[in-house]
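A quick write-up on the structure given underneath.
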Amino acid sequence: MKDLAAELERRRTAHLYRSRRQLSCAQTAELQVDGRTLLSFCSNDYLGLAAHPKVIAALQKGADRYGVGSGAAHLVIGHSNAHHALEEELAEFTGRPRALLFSTGYMANIGVISALLGRGDTVFQDRLNHASLIDGGILSRARLKRYPHADAAHLADQLKAAQGEKLIVTDGVFSMDGDIAPLAELANAAKANDGWLMVDDAHGLGVLGKEGGGCLAHLGLNQDDVPILMGTLGKAFGTFGAFVAGSEAVIETLIQQARSYIYTTALPPAVAEATRASLKLVRSDAWRRERLQALVARFRSGAKQLELPLMDSITPIQPLLAGSAEQALAWSQKLEKQGILVSAIRPPTVPEGGARLRITFSALHQDEHIDRLLDALA
Ligand SMILES: *Cc1c(COP(=O)(O)O)cnc(C)c1O
3 MKDLAAELER RRTAHLYRSR RQLSCAQTAE LQVDGRTLLS FCSNDYLGLA AHPKVIAALQ
63 KGADRYGVGS GAAHLVIGHS NAHHALEEEL AEFTGRPRAL LFSTGYMANI GVISALLGRG
123 DTVFQDRLNH ASLIDGGILS RARLKRYPHA DAAHLADQLK AAQGEKLIVT DGVFSMDGDI
183 APLAELANAA KANDGWLMVD DAHGLGVLGK EGGGCLAHLG LNQDDVPILM GTLGKAFGTF
243 GAFVAGSEAV IETLIQQARS YIYTTALPPA VAEATRASLK LVRSDAWRRE RLQALVARFR
303 SGAKQLELPL MDSITPIQPL LAGSAEQALA WSQKLEKQGI LVSAIRPPTV PEGGARLRIT
363 FSALHQDEHI DRLLDALA
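140 is the number that our numbering gives to position 138 of the sequence shown; each next residue is one higher, with no gaps.
Written out as structure tokens, the structure reads:
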């Protein structure tokens, strides 16, 4: 067995060591962390729904009716009215015939890719795709082709030369960069080469587009362009879980073949009830999206005046490029001394030399919070 303690020490000296903090309150702008109050810019609770009274009440009512545990996998006896109703509502929300719940986004991605592809097929991945998409590709045993970030022309060339079934997978909004994939161009490349496009819209749904319809709503695309849409429920929806939406045949295939769907316990029905409540708020509370846009604009204009290294993002993910892991960590520690919590994102989550502060906003942030962040960054 290799020397684990030495490996850990090497990680520490390379500024790559990660550790957990202890939170003693719900997700909100100001957090109780390790006994201190910190202003947080790290959460993916973009719309501020993780502790919304209506979502909490739905969870409590759901627990009264269904108890806590679902008791079994969906295909055994764990599939409740609550799960089913949420699936129908998610299908309607995404404008697709059907939707299927998964216990997490990670499991949805590995389940979909490994169910649809096998040996002899090819999976195409943007270089900056989320780890769960990459892992799904590996698990499928299909040949892996990674294309340069957002480069649809390069993808089209790779597609022409590929064999077997061709599945192109991409983040909708890139989780560490905040930019939006060129989905119309990717869809054209897919259609021209008999490929399928799958979009993971973990950071777009709820945040972008009419009623929070995500990247596809923002760009005016439909199921013909993007046959497979994956979304997570633990970010803008403020709850937990994930779903895939698509045609009758896609969803039925996943029910029969996606191993991370079949061989795992269904998420608690009360969580599905909570998500039904949050989905209503996601759709109706346009002010939360407007609020986010106002916060992003305030931050970007202040950051420009300070000549900070902003990246090209209109979303609530606003990274500041630091370069080295050491620099990113030093910035994050300095901010924390001033009572502000921002995550330093380091390799391998981002490429070597691309370490950064990942600043995220929530509809619960006040203008004054942004100003405090800008002061500290200055
Ligand atoms: C968070 C995230 C996931 C994983 O979702 P979980 O529900 O947290 O497992 C998948 N894809 C992207 C792009 C993500 O940001």
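Every residue, glycine too, gets a C-beta built ideally from N, C-alpha and C.
Three-way DSSP call (helix, strand, coil) for residue i in this model
i	result
A101	strand
M232	strand
S116	helix
Q320	strand
V273	helix
G73	coil
V57	helix
V35	strand
S82	coil
G355	coil
K336	helix
V2	Outside the displayed span of the chain (3 to 380) sits residue 2, for which this structure offers no information.
L25	strand
A267	Correcting the residue identity first, residue 267 is Thr in this sequence and not Ala. If DSSP states are grouped into helix, strand and coil, T267 belongs with coil.
T96	helix
T362	strand
R13	helix
N111	helix
T241	coil
L18	coil
A4	One detail in the question is off: residue 4 reads as Lys in this sequence, not Ala. In the structure shown, K4 sits in coil (DSSP, three-state: anything other than H, G, I, E or B).
G304	helix
T106	coil
Whether residue i touches residue j by CB criterion (8 Å)
i	j	result
I110	M232	A quick correction: the sequence has Ala, not Ile, at residue 110. Yes; because the gap between Cβ atoms is below 8 Å, this pair is in contact.
H220	G208	no
V171	N224	no
V175	I361	no
L256	G113	yes
A60	S42	no
D47	G304	no
A74	G80	yes
L146	Q127	yes
F363	V298	yes
V57	A276	yes
A247	R13	no
M200	P321	no
G107	A194	no
L169	I115	yes
L161	G197	yes
A330	R285	no
R278	E11	no
L188	A154	yes
Y68	A84	yes
Bridge partner(s) assigned by DSSP for residue i
i	result
L169	V125, W198
E292	Looking at the DSSP assignment, E292 forms no beta bridge with any residue, so it has no partner.
I342	L41
V298	DSSP, once it has assigned bridges, lists no residue as partnering V298.
A247	A101, L231
G325	A357
V175	I182
L312	L322
I347	R358
Any non-hydrogen atom of ligand 1 closer than 7 Å to residue i Cβ
i	result
Y108	yes
N111	yes
S177	yes
S134	yes
G180	no
H220	no
H205	yes
G236	yes
D128	no
D173	yes
A244	yes
D202	yes
Chain D contact for residue i (CB, 8 Å cutoff)
i	result
Q62	Annotation note: the requested chain D is absent from the structure, which comprises a single protein chain.
- Going along the chain, which unbroken runs of the alpha helix (DSSP H) with 4 or more residues stay wholly within the region 129-165? 133-142, 154-162, all fully within the region 129-165.
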